[in-house]
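**Student:**
Protein chains in written order, with full-length UniProt numbering: chain Y, 1 to 499; chain P, 1 to 499.
Here it is in structure tokens:
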């Protein structure tokens, strides 16, 4: 009586550990096989006891799955003969059979919007897309135990204010904590009402660009700067206007005529990305005057000023702005962990209402789940102590980098010491015998798993001397040593004898 | 010797429970007072012991704060005379004093982009912005204990794959779990590679509109539909084309000529929002044919099909699509909690690469923190059991609503029974003596804290009979009873004697 099993049944894969009951798993998988044609119309299913034996479960489990299949119209019992796959499954009866059951389907082509095409044509190197490849914290040092305990205490029995419909600006207690933090640590005084929680800097920039830039508008970008900044301009139909950066930051004083028609400037005054310079006092004044004179706005991206090793950090540009033209942005991704995707904007007061309404229309609000966790993390002092620890660690790592690059790569790279941050710029030395380019060096390094980026990828209109960016913050001193030696190997550098 | 304290010092507010040390709190607050002018230049600070007495701490704590103020240049010691606020604080020396210290600041006006202005001109009623005011689950029933325990087990000692740079498509294990779920529960077969995790439906629609719609393109929207759908069209410069809905869903068959130039249609086939109808078989065919004929795309928003009380749910439109033109969207917000802001899209295979690159450029990826938690929640069966429990609960609540509206508001509203969902449409009865409008009824109700929305707010070109939408899912039976009686009170309905 026992016939061979339909071959597809050996593909049944049931997980006894799953909390989805076995009969439901069996039902789902058999239905899947019927829908994709592995069990064709008219196929006789094996007896329930054979299947039970095959998948090592009780016969009643299989019976239950069969009953469901029968109820839902996928199989039918034929008197005295067994259970068969029906001729017309329910999906066919209503013309809804899954695509994968249709061998003759004709996939349509891809026709993208003009904006999407323009963005994808930018062909930003994949390695650069996470800005954070260069600016990436050492996540291994993050106090995950504390973090997850704080999550649990926020959500185990959540307060009522965590459950209602939410303010597009974010969770008010977190915004209050941020206002206190900005006052105490950055000398920036603002009302919590001005603070908008975002899903990270990239997301915040999208919102501000959408708020401020009309198609055809010019937007001032630093040169060099992150390549995806250009994408944000294009996404809202704006034209990037590149202004060069020197040791005092963006040269808007010498270029204020050219920029007189621009509506917006995006700048990194505390620590220019990627060169690391601090915007000087006279350049700050020039920038603010430019905005005032041209009725333009400034976005201040303060992405890593917390990691300052020496000297007092300059207060944010925001604090010197007498005419409410500066939007101050910062992120938690660099101090906590990048994948939480949380940042904030301090809005000029006159924009609070329009921003908040726009945010609600565009994408509602940022997930509330982590906002009370970050608030407790700051309020309970974990943020300050983690920051202190990381700052010391990163300072040590920069010192290691400088010393070891000097030892192992003396004729290849000169890393510039910086007062803070998480990455360093390594300038290629002319004396290099085999005259390697930064792009070639980065390529060699990337193939060996070392994330170096050529500075040229960040340069838009103004070429720079050959250099590479290296985010040392994420590597231990031992790892930095390994990387320096590996780079010496890859490039045939001789290095210096240790003293 | 003891002089009166400067009055502003009584505003010092130190939190002994905080883990921020008292001296640091004191430093921050004194600096704040100096910056905002409450402690003016030349003011003599009280002796440390007086402050110590005032704030009840040790004198050494105050000394430490004074030392920091002195080091950072905010106060100076004058020989034998005490400690004074300096004439020029560091922020002034570099021209960066905080705005709030500048009484003469001149806030700039608000000049918005053309897009932002157009969006804000839509003047979408605030009450509607959270779509979820109507479609809102009963979050009190959510198993927060399990949820927060799962978070903790994912993040206490996170796996390595949770810490690296991330795929813009989302966390692969979650996408695998979703693919299994779609196959078993919705009969939708797809590759996990096709699944993109989004920050909710609204966010997912932004991305798809940006991917597919060029300025000037037409997009077919259901009429009625959520008002913010129009905003999404405007945000990318597209023109909404409204097609009416009847008992069989969107009437694209009768309007396919008018829609022949449109690039995209956004539809709710499983449960039309807000009317609740199911797209019939012939209309499904018409819709798919329309897309095929016009080289257009379809977004299927399957926002609440899980809450189906009776009958077998129709499979998604996606499963009947033979030419890969349907983008299938769903959300976790309705079954879990809205504030997690997580959803997903099943992309037609030919769009996986372009979508993924676009997402990386636009806003990188969705916060990874909750993705492993949702994956475990589904895999461990909590999702299925919560869904089962909620489905039974909501069915009971709909029955209660129908019965109690019949008892208390017989001459005012007739709620239509639906096979599923989380809300109901209450049609106003002509027989009403005082002839109240739906807008007026909603207004009265909102003032009493009852979220009713007039159907007219969802109608774009085609007026409908007067009706209100009521999201009953979030209310217990007792609360529904209270609400029905309250509405009777507000409108002077007599009601029927209970039998």
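Quick reminder that beta carbons are idealized off the backbone N, C-alpha and C, glycines included. Note that the structure is predicted; figures quoted are calculated from it, not measured.
Could you say if the segment 456–467 of chain Y and the segment 301–308 of chain Y meet the contact criterion of at least three C-beta pairs nearer than 8 angstroms?
**Tutor:** Touching, no, given that fewer than three Cβ pairs across the two stretches are closer than 8 angstroms.
**Student:** Buried or exposed: which applies to residue 11 of chain P, given that a residue is buried once 16 or more other Cβ atoms fall within 10 Å of its Cβ?
**Tutor:** Looking at its Cβ environment, which holds fewer than 16 other Cβ atoms inside 10 Å, residue 11 of chain P is exposed.
**Student:** By the three-class DSSP mapping on this structure, what secondary structure does residue 331 of chain P have?
**Tutor:** Residue 331 of chain P falls in the strand class under three-state DSSP.
**Student:** Fully enclosed by the segment 226–313 of chain Y, which beta strand (DSSP E) runs are 3 residues long or longer?
**Tutor:** Within the segment 226–313 of chain Y, the complete beta strand (DSSP E) runs of at least 3 residues are 239–246, 264–267 and 297–301.
**Student:** What residues of chain Y sit near residue 447 of chain P, judged by a beta carbon separation below 7 angstroms?
**Tutor:** Chain Y residues near residue 447 of chain P: none, gap ~17 angstroms exceeds 7 angstroms.
**Student:** Start and end of the beta strand (DSSP E) containing residue 182 of chain P?
**Tutor:** Residue 182 of chain P -> not in any beta strand (DSSP E); alpha helix (DSSP H) instead, spanning 172–186.
**Student:** Could you pull the start and end residues of the beta strand (DSSP E) that residue 85 of chain P belongs to?
**Tutor:** Residues 82–85.
**Student:** Can you name, in chain order, every residue of its own chain whose Cβ lies under 6 angstroms from the Cβ of residue 238 of chain P, other than the five neighbours on each side?
**Tutor:** Correct list, in chain order: 213, 217 and 219.
**Student:** For the alpha helix (DSSP H) holding residue 55 of chain Y, just list the boundary residues, first then last.
**Tutor:** Taken as a continuous stretch (DSSP letters only), the alpha helix (DSSP H) holding residue 55 of chain Y covers 48–55.
**Student:** For residue 334 of chain Y, would you say it is in contact with chain P, using Cβ-to-Cβ distances shorter than 8 angstroms as the test?
**Tutor:** So no, residue 334 of chain Y is outside the interface.
**Student:** Run down chain Y in chain order and give the residues with a C-beta less than 9 angstroms from the C-beta of residue 144 of chain P.
**Tutor:** Those are 155, 156, 157 and 158, listed as they occur along chain Y.
**Student:** Per DSSP, which one or two residues make a beta bridge with residue 223 of chain Y?
**Tutor:** Y:244, per the DSSP bridge assignment.
**Student:** Please classify residue 148 of chain P as buried or exposed, where buried requires at least 16 neighbouring CB atoms within 10 angstroms.
**Tutor:** It counts as buried.
**Student:** Is it right to say residue 88 of chain Y is buried, meaning 16 or more other beta carbons lie within 10 angstroms of its own, or is it exposed?
**Tutor:** That one is exposed.
**Student:** Tell me whether residue 117 of chain P sits in a helix, a strand or coil according to DSSP, three-state version.
**Tutor:** Residue 117 of chain P falls in the helix class under three-state DSSP.
**Student:** Are residue 315 of chain P and residue 188 of chain P close, meaning C-beta to C-beta below 8 angstroms?
**Tutor:** Cβ distance < 8 angstroms, so residue 315 of chain P and residue 188 of chain P count as in contact.
**Student:** Counting C-beta neighbours from all protein chains within 10 Å, is the total for residue 310 of chain Y 16 or more, i.e. buried, or is it exposed?
**Tutor:** With fewer than 16 Cβ atoms within 10 Å of its Cβ, residue 310 of chain Y is classed as exposed.
**Student:** Is there a Cβ of chain Y sitting closer than 8 angstroms to that of residue 176 of chain P, yes or no?
**Tutor:** So no, residue 176 of chain P is outside the interface.
**Student:** Does DSSP put residue 413 of chain Y in a helix, in a strand, or in coil?
**Tutor:** The answer is strand: DSSP assigns residue 413 of chain Y an E or B state.
**Student:** Run the CB neighbour count on residue 491 of chain P, radius 10 Å, all protein chains shown included, and call it buried at 16 or more, exposed below.
**Tutor:** Residue 491 of chain P should be labelled buried.
**Student:** Helix, strand or coil, according to DSSP, for residue 420 of chain Y in the structure here?
**Tutor:** Strand, per DSSP.
**Student:** At a cut of 8 angstroms, does the segment 276–296 of chain P reach the segment 387–395 of chain P through at least three beta carbon pairs?
**Tutor:** In short, these stretches do not touch, since the Cβ pair count stays below three.
**Student:** Could you check what DSSP says for residue 24 of chain P in three-state terms: helix, strand or coil?
**Tutor:** The answer is helix: DSSP assigns residue 24 of chain P an H, G or I state.
**Student:** Give the straight-line distance between the Cα atoms of residue 354 of chain P and residue 179 of chain P, rounded to the nearest whole angstrom.
**Tutor:** Straight-line Cα distance between these residues: approximately 21 angstroms.
**Student:** Would you identify the three-state DSSP class for residue 95 of chain Y, choosing helix, strand or coil?
**Tutor:** In this prediction, residue 95 of chain Y has a pLDDT of 44, which is less than 50 and means its spatial position is unreliable; what the coordinates show is noted afterwards. In this structure, residue 95 of chain Y counts as coil in the three-state DSSP scheme.
**Student:** Residue 169 of chain P and residue 333 of chain P - do their beta-carbons sit closer together than 8 angstroms?
**Tutor:** Not a contact, by the Cβ cut-off of 8 angstroms.
**Student:** For residue 377 of chain Y, is the classification buried or exposed, using 16 other Cβ atoms within 10 angstroms of its Cβ as the cut-off for buried?
**Tutor:** With 16 or more Cβ atoms within 10 Å of its Cβ, residue 377 of chain Y is classed as buried.
**Student:** What did DSSP end up calling residue 135 of chain Y once you bin it into helix, strand or coil?
**Tutor:** If DSSP states are grouped into helix, strand and coil, residue 135 of chain Y belongs with coil.
**Student:** Is residue 197 of chain P near residue 328 of chain P, with beta carbons less than 8 angstroms apart?
**Tutor:** No, the pair does not count as a contact, with Cβ atoms beyond the cut-off.
**Student:** Between the segment 384–409 of chain Y and chain P, which residues of the former have a C-beta closer than 9 angstroms to a C-beta of the latter?
**Tutor:** Going along the segment 384–409 of chain Y in chain order, one finds 384 and 385 with a Cβ nearer than 9 angstroms to chain P.
**Student:** Contact defined as beta carbons within less than 8 angstroms: I believe residue 495 of chain P pairs with residue 488 of chain P. What is the distance between those atoms, to the nearest angstrom?
**Tutor:** Right, the Cβ-Cβ distance comes to about 5 angstroms (below 8 angstroms), so this counts as a contact.
**Student:** Report back the beta-carbon spacing between residue 85 of chain Y and residue 34 of chain Y to the nearest angstrom; my notes put them in contact at under 8 angstroms.
**Tutor:** Yes, residue 85 of chain Y and residue 34 of chain Y are in contact; Cβ-Cβ is about 5 angstroms, under 8 angstroms.
**Student:** Taking 8 angstroms as the threshold (beta carbon to beta carbon), is residue 302 of chain Y in contact with chain P?
**Tutor:** Output row for residue 302 of chain Y: interface = no.
**Student:** What does the alpha-carbon distance come out to for the pair residue 154 of chain Y and residue 406 of chain P?
**Tutor:** Distance between the alpha carbons of residue 154 of chain Y and residue 406 of chain P is about 42 angstroms.
**Student:** Distance check for residue 166 of chain P and residue 339 of chain Y, CA to CA, integer angstroms please.
**Tutor:** About 8 angstroms.
**Student:** Quick one: does residue 271 of chain Y have its CB under 8 angstroms from some CB of chain P?
**Tutor:** False, the Cβ-Cβ gap to chain P never drops below 8 angstroms.
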